[in-house]
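Structure first, commentary second.
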Amino acid sequence: MEKGLVHIYYGKGKGKTSLSLGIALRAWGWGKRIIVFQFLKPKDSPSGELKAMERWGRDFKIIRFEQKHPLFDKKIKKEKLKENMKRAFRRVKQVVKEGKYDLVILDEILNAIETGLISAKEVIELIRKKPPSLELVLTGRPWIKELKGYADYISEIKEIKHPFQKGIKARKGIEF
4 MEKGLVHIYY
14 GKGKGKTSLS
24 LGIALRAWGW
34 GKRIIVFQFL
44 KPKDSPSGEL
54 KAMERWGRDF
64 KIIRFEQKHP
74 LFDKKIKKEK
84 LKENMKRAFR
94 RVKQVVKEGK
104 YDLVILDEIL
114 NAIETGLISA
124 KEVIELIRKK
134 PPSLELVLTG
144 RPWIKELKGY
154 ADYISEIKEI
164 KHPFQKGIKA
174 RKGIEF
């Protein structure tokens, strides 16, 4: 049984979700079972990764949760979002505890920590209690310094240039 490591991919540049899904694709190709939890990306938001999962099937799942973040939708109440994120994180802990997956990706979890929806302490506890062979990937824009001592890989994704700066909107199949 291989030792599962912990990855953190953070920063303001494009590519954290793409990078984590690249890891997932590689793992899936070797017969690994993968689950991706996308925090702050609502179920009703279209994306290429969700469409791909419809085709790939049972060993590769993406789970999205109920609500958008107040940054993206002013009608969302932070208290309700926090309640939903707590429920979502309980699900993550249960899935990790069950040990059915080889790779678990917590996409945008760092944003959820920074905004106080989930605590760094809870994530550290998850890392400490994960099965020894589980590979765990955390992504998001902010750097959460409390996690540094628990990660085996840490990469910062920096934006140098982006089409948004020229007014080019997100494109289907590239940004989502």
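Residue numbers for the sequence shown follow our numbering, beginning at 4 and rising by one. For each residue, glycine too, the CB sits at the ideal point set by N, CA and C.
Same chain only: Cβ atoms within 8 Å of L24, ignoring 5 sequence neighbours per side: V39, E52, I108
Write down the C-beta distance between L150 and I127 rounded to the nearest angstrom, noting that I regard them as a contact closer than 8 Å. 7 Å
Residue closest to A91, alpha-carbon to alpha-carbon, out of E57, A55, I130, L43: L43
What three-state label does DSSP hand G143 in the structure shown? strand
Drop a sphere of 10 angstroms on the beta-carbon of L106, count the other beta-carbons inside from all chains shown, and report buried for 16 or more, exposed for fewer. buried
Considering only C-alpha positions, which residue in the set P166, L113, K96, I157 is nearest to P188? The chain is shown only over 4 to 179; residue 188 falls outside these bounds and no answer can be derived.
Please go through the same chain and pick out, in chain order, the residues whose beta-carbon is closer than 7 Å to the beta-carbon of A115, but skip the five residues on each side of it. F42, L43, M88, I121
Cutoff 7 Å; reference T118; Cβ partners in own chain excluding five residues on either side: none
First and last residue of the alpha helix (DSSP H) that includes E117? 112 to 117
Looking at the strands, I want to know which residues DSSP matches up with S158. Y12
Buried versus exposed, by CB contacts within 10 Å (16 or more), R93: exposed
Which one of R29, K19, G34 has the shortest CA to CA distance from K103? G34
Exposure label - H165; buried when at least 16 CB within 10 Å: exposed
Out of K169, I160, V98, P145, which one is the CA nearest neighbour of E111? P145
Endpoints, the alpha helix (DSSP H) within which R174 is located: R174 -> no alpha helix (DSSP H), and no H or E assigned at all.
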